[in-house]
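Quick note: the sequence shown, position 270, residue 934 per the working numbering, numbers continuous. The beta carbon of each residue, even a glycine, is placed where N, CA and C say it ideally should be.
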Amino acid sequence: MNSPEIKHTPINKPFPILLVQPPIEEFYLTSKRTIPYGLASICASLEAKGYPTQILDGLATDKSKPIAYPNGFSYLSPFYGREDSSFFSLFHQFKHFGYSYEHIGTRVRDLKPFLVGISSLFTAYCDQALETAMVIKKFYPQAYIVMGGHHPTHFPEAVLGCRAVDFVLRGEGEDSLGILCDALKNKTDLDKVPGIGFRDKGKMILHPPVWIKDLNQLPLPALDRINQSYYQRNKKAAITMVSSRGCPMPCSYCSVSSTASHGRFRQRDVTDVLREIKEQASRLDIGFIDFEDENLALEKKWILALLSGINEIFKGNPPELRAMNGLYPPSLDREVMTAMQGAGFKTINLSLGSFSKDQLMRFKRPDVRKAHDRALALAQDLGLTCVSYVIAAAPGQSAASSLEDLLCLAQRRTLVGLSIFYPAPGSLDYAVCQEKGLLPKRFSLMRSTALPLDDTTKRLEAVTLLRLARILNFIKTRIDTHGNLPLGKACASDVLYGNRDFISHKLVQYFLEDGIIRGVDKKGNLYAHRTDADLCQK
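Quick look at the structure:
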């Protein structure tokens, strides 16, 4: 079933493919977490089938441009307020991160690909992916455009509503994109492409998502196609590793949990992961490896073999290792954490969720509180720092419960990693929000920075919790570096000058005295942030 709506000029062999990571528009960007690892994996699979493939990473640049709040975001202005020079500043300026759309369109026109694959991983950034597709179609209409990722997997009709997108591929694309390329090249039936969605005679043909059954059968990602010069940490290469997909845990807020619509949990053989790390180390001076797994240490024998292998590869002088998605506390006993410390871990990111037993039950998370505290004690013995992840403002969650989480973490040797809940398509909580009429009206608002829910935790309470978490982390760091707790002090002026650390220290003193969270603008003027007074006074 070839779609008559798609008319393209035939392109001579060798049918070049271009994979594009679009720019994003957001308040901030963490560059070491935007490495297009998934595109590199698809690139390797395409090349194994004989399709020459390149990656155009729209985020591999320091370029950013201040832009106005998008439509629908204006309600955030009172919550984030004026610019703040202290460490307690949240978000002020919305920006376009990455290359301009015109630059991407020009590059595509110069490269003249047969097909362009665009990643759309997060629903909140789907507008940038669609804008990228429209610009590419304008600059080089001859190319087929296919979009894949989490967003088109869950909302294929919305994506195909954009006439610039010819196809969507639902699920994981390493196999299906190559099959699509074969079908287009040989003019065979598109309906046999797994996971495909396309328009045909005014109708949308949609196939169910497909998932790779055996990750070990995939070729190693073509990571040499990534612009590694942009992804650096302390002048050394920062790389991403993915050793598994999915997650066996049933957490209600997660889009890849066992209760979500994502594929089941699959883990690569440790030898395959080590082979990839060794290949990377042979061509890069690696200083940082982030494992983007949902559950890196779940299988003890596996993680111990991984850590031992990393030590062998780097001859006992490994790069810093991190698992920034968070580690499951019950999987971290003394043997595992000792091996982690020896293999390069300096900071342990712990997935906690909440200290509230009731909230953990709502999240469908196992009660990991004792295991969390045990991991903190082991970390202290081993000289490791910790960050504990908790969630606030989820449906049915109270601000008082989240404040209690902060107070519990205040008593422990760990920094607070507070995330504001957002409805992740495919998760149980997304369905709950949909049923209760809590979903934002725009896809672009499904992000933490948009404070998307105004439910049992109000937006003012959510933003107050964020500022309190930053104050708490500053105090913890101050105690570690100076050995004492800042003392309360009355605010006797309406101006404050100095460097960021000095300003923040003074603001903490004022807060401890009167419970008012203040900011300082560029001119040194003091002002009070808009906050929930009850939360601040508790």
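1. What alpha helix (DSSP H) runs, 4 residues minimum, are completely inside the segment 1095-1158?
2. On the three-state DSSP scale, how would you describe L1199?
3. Run through DSSP, which three-state label would T694 get?
4. How many Å lie between I675 and F952 at the Cα?
5. Assuming M760 is part of the beta strand (DSSP E), what are its boundary residues?
6. Of all the options A708, F743, N898, which has the alpha carbon lying nearest to the alpha carbon of P1116?
7. For my contact list, G1047 and L1014 are in at a C-beta cut-off of 8 Å; report their separation, rounded to the angstrom.
8. Roughly how many angstroms lie between the CA atoms of V684 and F786, to the nearest whole one?
9. Which residue's Cα is closest to the Cα of Q1044: Q1005, F691, Q757, T1121?
10. Any idea what DSSP makes of K947, helix, strand or coil?
11. With distance defined between alpha-carbon atoms, name the residue in S921, L971, F737, A1156 nearest to K938.
12. In the DSSP assignment, find the unbroken alpha helix (DSSP H) run with M1001 in it and report its ends.
13. Would you mind reading off the limits of the beta strand (DSSP E) that contains L985?
14. Where does I1055 land, buried or exposed, given buried means 16+ other C-beta within 10 angstroms?
15. Could you check if D774 is buried or exposed, using at least 16 other CB atoms within 10 Å of its CB as the buried criterion?
16. Which one of F1138, V1184, D1198, C918 has the shortest CA to CA distance from T1128?
17. With DSSP run on the structure shown, which of helix, strand or coil describes T923?
18. Looking at the secondary structure, which residues open and close the beta strand (DSSP E) in which I977 lies?
19. In its own chain, which residues sit with a C-beta less than 8 Å from the C-beta of P1089, not counting the 5 before and 5 after it?
20. With a 10 Å radius around its C-beta and 16 neighbouring C-beta atoms as the bar for buried, classify D839 as buried or exposed.
21. N850 by DSSP, collapsed to three states: which one?
22. I'd like the span of the alpha helix (DSSP H) that includes A828, first residue to last.
23. Name the residue from D933, R1029, F1009 whose alpha carbon lies nearest to the alpha carbon of G1017.
24. I'd like to know whether the C-beta of S995 is nearer than 9 Å to at least one C-beta of chain C.
25. Quick one: what does DSSP say E795 is sitting in, helix, strand or coil?
26. Between which two residues does the alpha helix (DSSP H) carrying L723 extend?
27. In angstroms, rounded to a whole number, what distance separates the CA positions of R1026 and L1073?
Answer, in terms of the structure:
1. 1123-1146
2. Translated into positions along the sequence shown, residue 1199 becomes position 535. Looking at L1199 - three-state DSSP - the assignment turns out to be helix.
3. Taking the first residue of the sequence shown as 1, we reach residue 694 at position 30. Here T694 sits in coil by DSSP.
4. To locate residue 675, count along the sequence shown from 1; it is residue 11. To locate residue 952, count along the sequence shown from 1; it is residue 288. Since pLDDT at I675 reaches only 43, below the 50 mark, its modelled position is unreliable, and no value is offered.
5. Locating residue 760 in the sequence shown gives position 96, counting from the first residue. Note on identity: in this sequence residue 760 is His, with Met being the wrong assignment. Start and end: 759-761.
6. In the sequence shown, the residue the question calls residue 1116 occupies position 452. P1116 has its Cα closest to that of F743, out of A708, F743, N898.
7. Position 383 of the sequence shown, counted from the first residue, corresponds to residue 1047. Position 350 of the sequence shown, counted from the first residue, corresponds to residue 1014. Actually they are not in contact, since the Cβ atoms of G1047 and L1014 sit about 16 Å apart, beyond 8 Å.
8. For this step, residue 684 is matched to residue 20 along the sequence shown. For this step, residue 786 is matched to residue 122 along the sequence shown. Cα-Cα distance, rounded: 15 Å.
9. Taking the first residue of the sequence shown as 1, we reach residue 1044 at position 380. Checking every option, the nearest Cα to that of Q1044 belongs to Q1005.
10. The count along the sequence shown starts at 1 and reaches residue 947 at position 283. This sequence places Arg at residue 947; Lys is not what is there. Here R947 sits in helix by DSSP.
11. Taking the first residue of the sequence shown as position 1, residue 938 is located at position 274. One point to set straight first is that residue 938 is Leu, not Lys, in the sequence displayed. Nearest C-alpha to L938: L971.
12. For this step, residue 1001 is matched to residue 337 along the sequence shown. 998-1007 is the span of the alpha helix (DSSP H), which, as asked, contains M1001.
13. For the purposes of this step, residue 985 is taken as the residue at position 321 of the sequence shown. Element bounds for L985: 984-986.
14. The sequence position of residue 1055 within the sequence shown is 391, counting from 1. Buried.
15. Translated into the one-based positions of the sequence shown, residue 774 becomes position 110. By the neighbour-count rule (16 or more Cβ atoms within 10 Å), D774 is not buried but exposed.
16. Counting from 1 along the sequence shown, the entry for residue 1128 is found at position 464. The candidate whose alpha carbon is nearest that of T1128 is D1198.
17. Here residue 923 corresponds to residue number 259 of the sequence shown, with the count starting at 1. Correct three-state label for T923: coil.
18. Taking the first residue of the sequence shown as 1, we reach residue 977 at position 313. Note, I977: premise wrong, no beta strand (DSSP E); alpha helix (DSSP H) at 964-977.
19. Reading the sequence shown from its first residue, position 425 is the one you call residue 1089. Excluding positions up to five away in sequence, the list reads T787, H814, H815, H818, F819, S919, M1110.
20. Residue numbering aside, residue 839 sits at position 175 when the sequence shown is read from its first letter. With 16 or more Cβ atoms within 10 Å of its Cβ, D839 is classed as buried.
21. Against the sequence shown, residue 850 aligns to sequence position 186. Residue state, collapsed to three classes: helix.
22. Within the sequence shown, residue 828 is the residue found at index 164, counting from 1. Premise fails: A828 is in no alpha helix (DSSP H) and is neither H nor E.
23. Reading the sequence shown from its first residue, position 353 is the one you call residue 1017. The residue with the shortest Cα to Cα distance from G1017 is R1029.
24. Absent from the structure: chain C. Only one protein chain is present.
25. Counting from 1 along the sequence shown, the entry for residue 795 is found at position 131. Reduced to three states, the DSSP call for E795 is helix.
26. Stepping through the sequence shown from its first residue, residue 723 is reached at position 59. Run containing L723: none; DSSP gives neither H nor E here.
27. Position 362 of the sequence shown, counted from the start, is the residue given in the question as residue 1026. Position 409 of the sequence shown, counted from the start, is the residue given in the question as residue 1073. Answer to the nearest angstrom: the Cα atoms are 20 Å apart.
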